[in-house]
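Right, one structure below, let's go through it.
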Amino acid sequence: MAVMDVRNDSEGWLIMWLEPLGEDRWLRPDEAFRVRSDYSGDELAFSVSYFVGDDDRAAGIENVAVWIENGGPDAEIVDGKGNRVECGYQRPAEVDSRWQAALDEALRRAAERNAGGGAAAPPAHGEA
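Be aware that the sequence shown starts at 664, since it is given in the numbering used here, and climbs by one per residue.
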């Protein structure tokens with residue numbers, strides 16, 4: 664079994680992204696999660712990358728991506744008590760609302776495109 668701990672030593676939120684699944688889990692300051700997988704080979708089970716953008720930094724948010732490099736994509740995330748931590752854990756309600764609104768808008772636009780509700784077609788030759 665491969666195991667890795669992720670700890671938030673910052674003063675704000677740390678978003679731990681589990682990739683390539685794109686799952687988010689939010690850690691409060693001084694909180695830690697354990698990432699486990701059933702991989703037992705000789706290659707790296709996980710790799711880590713850190714990133715923060717200006718908007719995140721202004722909001723007191725930092726990001727770390729834990730990439731599942733080998734083994735199946737079904738890594739398990741648990742808290743310090745061994746409780747399973749699911750995608751979206753502790754995601755602030757305002758972030759959840761903003762992300763849901765963006766998803767709804769993207770789905771609406773896609774449905775319009777699929778229904779032919781995009782930009783009007785130019786008039787045919789000779790029509791005004």
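Even glycine gets a Cβ: it sits at the ideal position worked out from N, Cα and C.
Being a predicted model, the structure only gives us computed values, none of them experimental.
- The Cβ atoms of Phe-709 and Ile-731 sit closer than 9 Å to each other.
- The beta carbon of Asn-733 lies closer than 7 Å to those of Tyr-702, Gly-704, Glu-706, Leu-707 and Ala-708 in the same chain, with the five residues before and after it left out.
- Setting aside the 5 residues that flank it on each side, Val-715 is surrounded in the same chain by Ile-724, Glu-725 and Asn-726, each with a C-beta closer than 8 Å to its C-beta; the list follows chain order.
- Val-727: member of the beta strand (DSSP E) spanning 724 to 731, first to last residue.
- By the CB criterion at 9 Å, Trp-680 and Gln-753 fall outside the cutoff.
- For Ser-703, there is no enclosing alpha helix (DSSP H), since its DSSP letter is neither H nor E.
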